[in-house]
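Below: one structure, written as structure tokens.
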């Protein structure tokens, strides 16, 4: 629903919302022109968002399906390879690029592992074990340089992951070529075959990543967490749902929530797979596949993991209707969940919220 409001000479008008709208968000967008330049801003107003119920159904074999995918992937040995990347070190961390086998032979995952100074991940015996945190990336194709700016200083190992099965240390122009060509719109590579969606190996890879950390003598397997925003928020949710070894997850405005929302009369979040009407005769089949990948159905599985959940009211990429629904999908019996409403934020986090996220993770992993 859109309404246009023309301001009078005084520049002041009153907008009165009448009635009782259904649970969700309404957007007030204001556009003005000054000296020939147009300025636009918006603010969203919530109506009973705690009553937003998912439109995404839970497939009957959801848990069984992912258990089988993970079991199959675990038949492939990790065979990790660590390559020292001293150019990314700082005063507190030594950085290694790591490669390991994921869902099939020759199907790799890459990431940047940052360990406290003097710690070697290939040592077979460790004099000390450290907690570890996984950083899952937002959408895109890009280099990763290691998560070195906070956690290693406090004795926490970090693993900043890529998801595309390519090294994360290439020059930036290579990633630009991949974004424009081979990996252009990778999130839209959906098929009526549920095993062939692009994210299949990515979701399985969240478990194989924890497997890798648990093989390292320097890692305390009982103190592993994860975090990320947007696509990274989605993967943090999925990691926590699929792997009970994840002790805590800081989830920020998760993408891939209510994937089929537009086809079911609800606003969806990125990547907006069903926003276009010309999906064709396979729409229902694609919707059923999307349900296996929807963050909503993974959130439903998180019953004990500690969760800190951020969402921005003014997000236009992962709209708050979808992310608030993901929050609501977390089971009521999970008493270790906290919601942070960023009422002035869009698809980003203010530095203060980033600080709070880091401090919360550090507290959960070190106490």
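Numbering (my numbering), first residue to last: 4 to 370.
Think of the CB as a built atom: it goes at the ideal place given N, C-alpha and C, for glycine as much as any other residue.
CB of residue i within 7 Å of CB of residue j, strictly
| i | j | result |
| --- | --- | --- |
| residue 108 | residue 316 | no |
| residue 138 | residue 150 | yes |
| residue 343 | residue 313 | yes |
| residue 323 | residue 306 | no |
| residue 24 | residue 50 | yes |
| residue 168 | residue 111 | yes |
| residue 215 | residue 81 | yes |
| residue 117 | residue 207 | no |
| residue 155 | residue 95 | yes |
| residue 353 | residue 320 | no |
| residue 101 | residue 121 | no |
| residue 124 | residue 219 | yes |
| residue 221 | residue 129 | yes |
Three-state class that DSSP yields for residue i in the structure shown
| i | result |
| --- | --- |
| residue 133 | strand |
| residue 1 | Since the first and last residues shown for the chain are 4 and 370, residue 1 lies out of range. |
| residue 112 | strand |
| residue 155 | helix |
| residue 79 | coil |
| residue 296 | coil |
| residue 366 | helix |
| residue 73 | helix |
| residue 227 | strand |
| residue 173 | coil |
| residue 50 | strand |
| residue 357 | helix |
| residue 95 | coil |
| residue 301 | helix |
| residue 328 | helix |
| residue 313 | strand |
| residue 342 | strand |
| residue 55 | coil |
| residue 66 | helix |
| residue 181 | helix |
Close Cβ partners of residue i (< 7 Å) along its chain, the five nearest in sequence each way excluded
| i | result |
| --- | --- |
| residue 371 | The structure shown has nothing for residue 371, since the chain only spans 4 to 370. |
| residue 190 | 142, 201, 274 |
| residue 53 | 331 |
| residue 346 | 316 |
| residue 173 | 146 |
| residue 171 | 100, 113, 114, 115, 146, 147, 165 |
6 Å CB neighbourhood of residue i in its chain, flanking five on each side removed
| i | result |
| --- | --- |
| residue 278 | 265 |
| residue 43 | 34 |
| residue 182 | 144 |
| residue 246 | 210, 213 |
| residue 28 | 47, 49, 323, 324 |
| residue 57 | 299, 328, 332 |
| residue 161 | 117, 136, 150, 154 |
8 Å CB neighbourhood of residue i in its chain, flanking five on each side removed
| i | result |
| --- | --- |
| residue 297 | 59, 259, 260, 261, 262, 263 |
| residue 205 | 166, 238 |
| residue 309 | 250, 251, 252, 339, 340, 367 |
| residue 318 | 256, 326, 348, 349, 350 |
| residue 369 | 134, 157, 158, 159, 226 |
One or two residues paired with residue i in a DSSP bridge
| i | result |
| --- | --- |
| residue 100 | 86, 115 |
| residue 33 | 44 |
| residue 27 | 50 |
Continuous alpha helix (DSSP H) assignments of at least 4 residues falling wholly in the region 232-291: For the region 232-291, whole alpha helix (DSSP H) runs of length 4 or above, ordered along the chain, are 234-245.
For a minimum of 3 consecutive residues, which ranges assigned as the beta strand (DSSP E) are wholly contained in the region 184-221? Contiguous beta strand (DSSP E) elements confined to the region 184-221 do not occur, taking only those with 3 or more residues.
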